Structures are given as structure tokens and as C-alpha cells.
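Everything below concerns the one structure shown next.
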Amino acid sequence: MGYDSDSKISKGEVGKVGVAIDSLEDMEILMDGIPLDKVSTSMTINATAGMLLAMYMITAEKQGVSPKKIMGTIQK
Numbered sequence: 000m001g002y003d004s005d006s007k008i009s010k011g012e013v014g015k016v017g018v019a020i021d022s023l024e025d026m027e028i029l030m031d032g033i034p035l036d037k038v039s040t041s042m043t044i045n046a047t048a049g050m051l052l053a054m055y056m057i058t059a060e061k062q063g064v065s066p067k068k069i070m071g072t073i074q075k
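Per numbering that gives the first Met the number 0, the sequence shown starts with residue 0, numbered consecutively.
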């Protein structure tokens with residue numbers, strides 16, 4: 000799946016391409032203040048696509064955004 004940002008094997012790689020999202024809290028912090036019902040989000044994330052899509056949907060739900068209003072693309 001991938002390694003947590005604080006894993007020894009991740010040293011020097013975290014944040015080189017994109018952002019590190021290790022938890023639901025990370026996703027919530029990243030999307031704080033962004034109206035997920037008004038923006039289209041594109042994620043190129045491969046192996047972790049399903050997990051991060053779930054985190055994105057939960058974050059939107061916590062913002063009060065219906066799944067029907069979420070827009071964007073995901074590459075797996």
C-alpha cells in the first residue's frame with residue numbers, strides 16, 4: 000500500500016511528489032476551508048486510490064457535502 004511518512008524507509012521521499020496523507024486527519028487538514036462541493040479534485044495516487052478516495056468522501060461528509068456533489072477524477 001505505501002509507507003507512513005515517519006517510516007524509516009520513507010526518509011527522504013516524503014513530499015517529493017504531491018502531499019503525504021497518512022490518516023483521515025491529514026486529509027481533513029489538507030481540505031480544511033476548501034468547499035468540496037464547489038471544486039473538482041484530481042488525484043493521481045495509484046495503489047492507495049481506494050483508501051484515499053474513502054478519506055476524501057468522509058472529509059466531504061464531515062463538511063456537510065453530499066456524495067452526489069463531489070466532483071473530480073482519480074487514477075489507479
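Even glycine gets a Cβ: it sits at the ideal position worked out from N, Cα and C. Keep in mind that this is a model prediction, so the values were computed, not measured.
Excluding five sequence neighbours on each side, which residues of the same chain lie with their C-beta closer than 7 Å to the C-beta of Lys75?
-> Asn45 and Ala48
Going by CA-CA distance only, name the one from Gly71, Met42, Leu23 and Lys10 that's closest to Thr58.
-> Leu23
Round the Cβ separation of Met42 and Ile73 to the nearest angstrom and send it over; I've been treating them as touching at under 8 Å.
-> 5 Å
Pull up the CB-CB distance for Tyr55 and Met26, whole angstroms please, since I reckon it's below 8 Å.
-> 6 Å
In angstroms, rounded to a whole number, what distance separates the CA positions of Ile61 and Leu52?
-> With the sequence shown as reference, residue 61 is identified as Lys, and Ile is not the correct amino acid for it. Taking the straight line joining both Cα atoms gives about 14 Å.
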